[in-house]
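Below: one structure, written as structure tokens.
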Amino acid sequence: MVHGKSTMFRCIMNIYEKDSGEILLNGKKITSSTLDKVGFLIEEGCLTAEYTVYEQFSMFGILKNMTDDEITDSLLYWLNKFGISEYLNTKIKKISKGNKQKLQFIVAVMHNPDLIILDEPFSGLDPLSSAILKNVILELKKQGKIIIFSSHQMENVESLCDDIFMISHGKEVLYGNLNDIKNEMDKKKIRVVGKIDKDKIKCEEIYNITEDKLDTYDIYVNGSENTSKVIEALKEYDIKSIIIDNLSLEDIFMEKAGVKYESE
Amino acid sequence: MKVSKLRRLTIFGVEQTFKNKFWIILNVLMLIAAIAYVNFGTVKEIIESRKEASDKDNINLMIIDETDSFENKILNFKNDKIVIKEYSESGVEDGNILVEISYDNENYIHARITSSEYIDMTYYSLFETAINEIRDEVFANRNNLSIEEVKKASNNVEIERIITTLDKELYDKYSGILLGASLVVYMLFIFISSSLASTIGMEKVSRTTEYMLTGISENAYLWYNILQTNIVVLLQGALSVIYIVIATLINSVLRVSFLGAEISLDVGLNVSLNIEPTVLIAAVVLLVQAIIAVLILSIIQAVLSSRVNNISDVSNSTVLVLFFVIFATVIFPNFIPTAEKVNIFLKIISMIPVISAVAVPKLYLLGQISTFGAILSVIISIAITAVLTVFGSKAFKKGLLSLSKGSKKEERVEKAALDDFNASKFRASISKVSMALIIYLVFSNILGIITKFAFASLGGVLNYIVQIVTWIVSIYPSYWYLKNSNYTRKIESGKVKIDVKKIAILIVIAFGIIWAVQLVSEYISKDLTNIIELINLDMNTPLECILFVVYIALLPAIFEELLFRKAIFGVLKKYGIKLAIIISSVAFGLMHQNFSQGIFACLVGVVFCIIDDKAGTILPSMILHFINNCVAAVQVIMMNKMGEEAENIFDVIGIIFNVWAVISLVVVILQVIKNRKNKESIEKMKVSNEKEKIEEIKESQKEEIKKENASNVNSVISIKNPVKVICSDFVTDLTVVIYVIITVCVSKLI
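Just so you know, the protein sequences line up as chains X and G, in that order.
For the first sequence, our numbering puts the final residue at 1587, and the numbers step up evenly by one.
For the second sequence, our numbering puts the final residue at 1285, and the numbers step up evenly by one.
As structure tokens, this is what we get:
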């Protein structure tokens, strides 16, 4: 999936040269000294297999202008937080993929950055670690850090983000506050469990029906005030439950990206 | 800010190396090795002084000697270990050595040494000397000469070479420094390049580099790597010196306590400090140049290593640099003669950084360049280092960010199949080309021998006709063969527009290049035998002169171009232009069947191929070939008619051509630089089109395969028996090699 997320992050981090435009952080151009206060989690990983954890982090600490004491304190704090402090002197090649992902996260946050860029932080994590990581990110958010976070998993985005910027094939699809976007969309999703005939329901406001599981349908409705009409139309079927919900981010994405594809 | 990061990172890197357990083990081993090496002799002495000489080591000799002097000679050496025994049948099996000396049919000495085991080198050489002395004595007795005279006659003549401006003694005294320095640079660089390559490769493969670039600039990152490895090597060197000192101390303790030697601090400190100014300057130049060379090589190595994409490439990336280092520090300095005047080309090459590290001090010690030259070389090196740092760090970053494109599996499989198909076609083409070459060699040699014997007495115009006919008959069959084979039929089709202006420009530039090539190849093969001397033709009448030009210039220009450029290069071009150029040029060189012409032809072949490729026809190379050979032919004719006057004229023309060569070289270099820049933008476009192209090619290949299967029965068989095809290719290749060797031998004999 080449859409340009990682390229954009690398441009911010001065790895790639940008073709045009400007990148500003708090109104200032990004230089290597401002980058000392930026954390970056690289999706593909950035840990050298031959080094031990301590060596690797000492190197990265120096890179971010930390003193030796700061490096040790911060590293131990974070390792304890994730419960992997026994790996301090282990070679990175001997560490499992999930734990490596945690180390990647520590790389991004160990120098107490103001801006944290996380490129797919949840890939390769089991649910438990995922939950821990999610909590840590929320904690950082409460501390007032700016977090830029990319993901394909919409439920994570939905539970963590205030603002979203959706990108498809290098172009902006959607940008704004998540709640505002949801309200603006003015569409509802009705989840129905029961036997209905998908093709026979006739109601002008319904613009899409998908079958999620056996006998479970998602009915998408234009205009939140029209849901009652739809429920009215459903009365003739044998229905076990009806849930009325806002569109999820995934739905919004499908819709927006889909429109984009068609227009191209 | 950056500097402090760079400093801290460097220190950190060095510390890490020193903490590495392999490094500690290595150093312990080095210490042990140093102690063992220095003290080995002493310990041996100590052990020997305590042990009585035992019988075991004796060398037992049995002698059968018709001259009766071997025994005396051996006794004269006064070696206690050699014991002479009576001859017995089973003596050799018992561990004795049997020496037999006899007169052969012509009354010369013949000797045989039989033993059941190997003989110690020192004893064997003793026997050898004794036997040689006997031979000298016998010879002297027979011819009534004194032994000394015979000895003098059998030794090489000692030539005392004196150059009045060169202080030979001085050079001899200090040339050891150069050898030592070149070896040190070389050994150092083995460590430096491998450790640079492994750190950069390791970090690149695991993408740590990308994160590093967010904290420091690519320049700082490059220097962090270079400094780190160089400091480690320097410290390691210092440590090695300490180890040697420790070992020497232990040695003196051992000597004092076990061998009763006196305590002395005479470790060679009484070297006079009276160094000549020449040597001092040479030493300073050597030191500065060596440091710069290491820096330049480090940058090159770092850039090369930054391009690796998997761990197995890491070691490969060092090979190129190490090869260059071997050439620059060990091989190239040997090209500089100590007793002759140094060629201007060698001097220019010596100025190239890295090569200059050893070559310039050597030239300076020999008095072949001035102090100004030495300083100039240092300035050039420094300038190039500065340029390299700027461009190096950019290339380094580019390399670090270039990751292998993970092509999808299907695409890869399809591409592999395509490659296979191409490879088999390529092999077939190669075997055709080799076959054509064989045909040419067979025809030309057989006809050559026939004409040599049958028409030897012919002179004048008739001789020319015979030669011309022979030549055409020997070269045409191979062209005909290639032209009519399946694989070349394609190149006949497709007319190309002839762009006169372009061809003219190409010819003008290429002529200069060829002149430069001629100078270089003349230099490589110093005994450039004149083409004309090989042929032996008359040039008395105008008609004969014209025939001479036709034979030397016109015919080769037509037929050789048809064979080597149109047929061979044209066929192979599809499989990679570089390979095609190399093969056709080497074939062109081989065709000349002698070393000096072969080298020139090979190099010129490259130029011809390139211009033909650019123009799209073989016309420019034909014209150039004609002009080039024509110049040679006219030169010969004029020399014949006018003698020394012609030589003067050609000296002047030579200077003009030299200038021409330099100008066209400059033009070509500028053009190459310009093309480089254009290439990048073109490549970007290419990437997008690549996939479509591959598909297109695939389609056309499929059609081709179908056609071939339908039309050619042989190809069906070859697909069924791939092993057979490969074997037959191998056999043809082998026959080419054998045949070339044989023909060269035969032509030398005749």
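Where is the CB? At the ideal position from N, CA and C, for every residue including glycine.
Note that the structure is a prediction, hence the values are computed from the model and not measured.
Separation of G/L900 and G/K929 (C-alpha to C-alpha, rounded to the nearest whole angstrom) is 38 Å.
Less than 8 Å divides the Cβ of G/I761 from the Cβ of G/S833. Nearest CB-CB separation between G/G750 and chain X: below the 8 Å threshold.
Along the region 731–747 of chain G, going in chain order, the ones with a CB nearer than 7 Å to a CB of chain X are M737, E738, S741, R742, T743, E745, Y746 and M747. In its chain, beyond the 5 residues on either side, T1375 and V1376 have a beta carbon closer than 7 Å to the beta carbon of X/T1413. Per DSSP, the unbroken alpha helix (DSSP H) holding G/V1084 starts and ends at P1077 to V1084.
At a C-beta separation below 9 Å, G/F547 has these neighbours in chain X: E1378, S1381, M1382 and I1385.
Per DSSP, X/E1495 is one residue of the beta strand (DSSP E) stretching across K1494 to N1500. Annotation note: the region 712–761 of chain G contains the following uninterrupted alpha helix (DSSP H) runs of length 4 or greater, listed N- to C-terminal: 743–750.
With a minimum length of 3 residues, the unbroken runs of beta strand (DSSP E) contained wholly in the region 613–677 of chain G fall at 617–620, 632–638 and 644–649. Interface with chain G (8 Å Cβ-Cβ cutoff): X/T1330 is excluded.
When beta bridges are read from the DSSP output, X/E1534 appears opposite X/Y1540. The three-state secondary structure of G/M1074, taken from DSSP, is coil. Interface with chain G (8 Å Cβ-Cβ cutoff): X/S1355 is included. Per DSSP, G/F1099 is not a residue of any alpha helix (DSSP H), being assigned neither H nor E. Neighbourhood of X/N1337 in chain G, by CB distance below 8 Å: L748 and T749, in chain order. For G/R543, the chain X residues whose C-beta falls within less than 8 Å of its own C-beta are I1385, listed in chain order. A contact is defined here as three or more CB-CB pairs under 8 Å, and the region 593–601 of chain G fails this definition with respect to the region 555–568 of chain G.
Counting along the chain, X/F1445 sits inside no beta strand (DSSP E), nor does DSSP assign it H or E at all. At a cut-off of 8 Å between beta-carbon atoms, X/G1368 makes contact with chain G. Checking the DSSP bridge columns, you'll see G/M597 partnered with G/K620 and G/L633. With a threshold of 8 Å between beta carbons, G/K1109 makes no contact with chain X. In terms of CA proximity to G/K613, G/A665 leads the group G/Y622, G/V627 and G/A665. For G/K933, the closest alpha carbon among the candidates G/V1004, G/V843, G/V895 and G/A571 is that of G/V843.
Under the Cβ distance rule, G/Q836 does not count among the residues neighbouring chain X, no pair being separated by less than 8 Å. Contact check for X/F1332 and X/D1442: beta-carbon distance about 6 Å, within the 8 Å limit, so the pair qualifies.
Spatial neighbours of G/K1108 in its own chain (CB-CB distance under 8 Å, excluding positions within 5 residues in sequence) are listed in chain order as A1115 and D1148.
X/T1395 and X/F1405 have their C-alpha atoms spaced approximately 16 Å apart. If you check the CB distance, X/I1460 and X/I1470 come in under 8 Å. In the structure shown, G/I1038 falls within a helical segment according to DSSP collapsed to helix, strand and coil. Bridge pairing for G/S1120: absent [DSSP]. For X/I1346 against X/I1335, the beta-carbon gap comes to about 6 Å, under 8 Å, which counts as contact. In the structure shown, G/T1152 adopts coil according to DSSP, grouped into three states. Within the region 1419–1436 of chain X, contact with chain G at the beta-carbon level (separation under 8 Å) is assigned to V1430. The beta carbon of X/K1420 lies closer than 7 Å to those of G1447 in the same chain, with the five residues before and after it left out. With respect to chain G, the C-beta atom of X/E1495 has no partner C-beta closer than 8 Å.
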